[in-house]
Amino acid sequence: MDIGTMAQAEFQHVAAQARDLGRKMWNVCHFHNLPQWLQDNDFLHTGHRPPLNSFQACFQSIFRIHTETGNIWTHLLGCIAFFVMTLYFASRPEEELSFQDKLVFIIYFIGAITCMGFSFVFHTVHCHSETVGKLFSKLDYCGIAILIMGSFVPWLYYGFYCEPYSWMLYLVLIVALGMVAMVVALWDKFSDPGLRPLRAGVFTTFGLIGVIPALHYGAVEGFFSNFTLISLGWLLLMAFLYISGALLYALRVPERFFPGKCDLLFQSHQIFHVLVILAAFVHYHGITKMAEYRLSKGECEVRPAVV
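Heads up: the sequence shown runs through residues 2 to 308, numbered per this note's numbering.
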């Protein structure tokens, strides 16, 4: 090996070490110092991560304070909580909870884990590079659609417990609409900052489709029966939390009114994450009450077999 080749190899080695050191020693920066693909919310002025170009550096950044720290940890903890709940339900004995009842709850839990897990990973790695950011933003939005679909499964199952054809029809409708929402989410322009209201609108509209089976459910059970008021009450609270979070996210409140003051805490996206977690637990409580009621009544008088 000649001297020139050795010098070039040594230079490349030193340059690689310098890049690695730079990734470890990065400092947060101002919004205006970010590349355009990282400029998402101009009401958050400081505390942004620069492009890190390393998955290791991205995951190490979850232990540092920056504009994404709250977004990362809220859904990481939520993901862990629903994972533990999944293990708990799966381990319950058959005499206590049938396979079908376990399954409908676990489907919901998997939807929540997927949504929060994709969200956690997206907020962790989106500063890696523009290509990685766009890929994981699509997974993040698909996760929202999966959570909405999963949320409907136990609600429809127990709401139409003695009408299997009805709940299967609504489930097919929800899955079809969920697939449409995911196709829209895969559109490259869907993650543009200027389309934030469109994103909130798509998923809010998808969730509000639940009004149709809710009206059907109320007509069957009686709108003013105790069970209907309790079960729909929890669903309305869940919807209120989701819609409130989506509106805050779309309007960028409160940072819109306090520019530069919510860079690290109390920004709209963090509040949105917290409301999503609260809504998910509210929904869990609501479907638990529905399950207890249905299972306490015993078998249906007439329950046609599902082919």
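We put the beta carbon where it would ideally sit given N, CA and C, even for glycine. Given the structure is predicted, the values throughout are model-derived calculations rather than measurements.
| Query | Result |
| --- | --- |
| In the DSSP assignment, the alpha helix (DSSP H) including P198 goes from what residue to what residue? | R197 to L209 |
| With distances taken from CA atoms, which of T70, L157 and F123 is nearest P214? | L157 |
| Quick one: grab the DSSP three-state call for H49. | strand |
| For C128, which three-state DSSP category applies? | coil |
| Q101: which of H46, S152, Y159 and E222 sits nearest, CA to CA? | Y159 |
| Under a Cβ-count criterion, where at least 16 other Cβ atoms within 10 Å of its own Cβ denotes burial, should T125 be classed as buried or exposed? | buried |
| Can you say whether Q37 is buried or exposed, counting buried as having 16 or more other CB atoms within 10 angstroms of its CB? | exposed |
| Nearest to I168 by alpha carbon, out of V154, V181, F258 and A177? | The sequence shown places Trp at residue 168, rather than the Ile named in the question. Answer by Cα proximity: V154. |
| Going straight from the alpha carbon of S309 to that of S92, what length do you get? | Nothing about residue 309 can be reported from this structure: the residues present for the chain run from 2 to 308 only. |
| For C143, tell me which candidate among F258, N28 and F123 has the shortest Cα-Cα distance. | F123 |
| By Cβ distance below 6 Å, which residues in the same chain neighbour M117 in space, the five residues on each side in sequence not counted? | H76, G79 and C80 |
| DSSP on L22, reduced to helix/strand/coil? | Since pLDDT at L22 reaches only 48, below the 50 mark, its modelled position is unreliable, and the value read off the structure follows with that caveat. Three-state result, L22: helix. |
| Would you report the Cα separation of D264 and F258, rounded to the nearest angstrom? | 12 Å |
| According to DSSP, what are the bridge partners of C301? | C301 pairs with nothing; no bridge assigned. |
| Which ranges would you report for the alpha helix (DSSP H) in the stretch 225-275 if only whole runs of at least 4 residues count? | 227-252 |
| Any idea if W235 is buried or exposed, counting beta-carbon neighbours within 10 angstroms, 16 or more meaning buried? | buried |
| Could you tell me whether the stretch 289-304 touches the stretch 238-250, using the rule of 3 or more Cβ pairs below 8 Å? | no |
| Check whether the Cβ atoms of G71 and Y109 sit closer than 8 Å, and answer yes or no. | no |
| Would DSSP call C59 helix, strand or coil? | helix |
| Could you check what DSSP says for V15 in three-state terms: helix, strand or coil? | Confidence is the limiting factor: at V15 the pLDDT is only 48, short of 50, which leaves the residue's position unreliable, though a coordinate-based value still follows. Looking at V15 - three-state DSSP - the assignment turns out to be helix. |
| Have a look at the DSSP bridge pairing and note the partners of C30. | H49 |
| Since I73 contacts T87 with CB under 8 Å, what's their CB separation in whole angstroms? | Contact flag wrong, Cβ pair sits at about 21 Å. |
| Helix or strand or just coil, what does DSSP make of E97? | coil |
| Out of curiosity, what's the CA-to-CA distance linking D41 and F83? | 29 Å |
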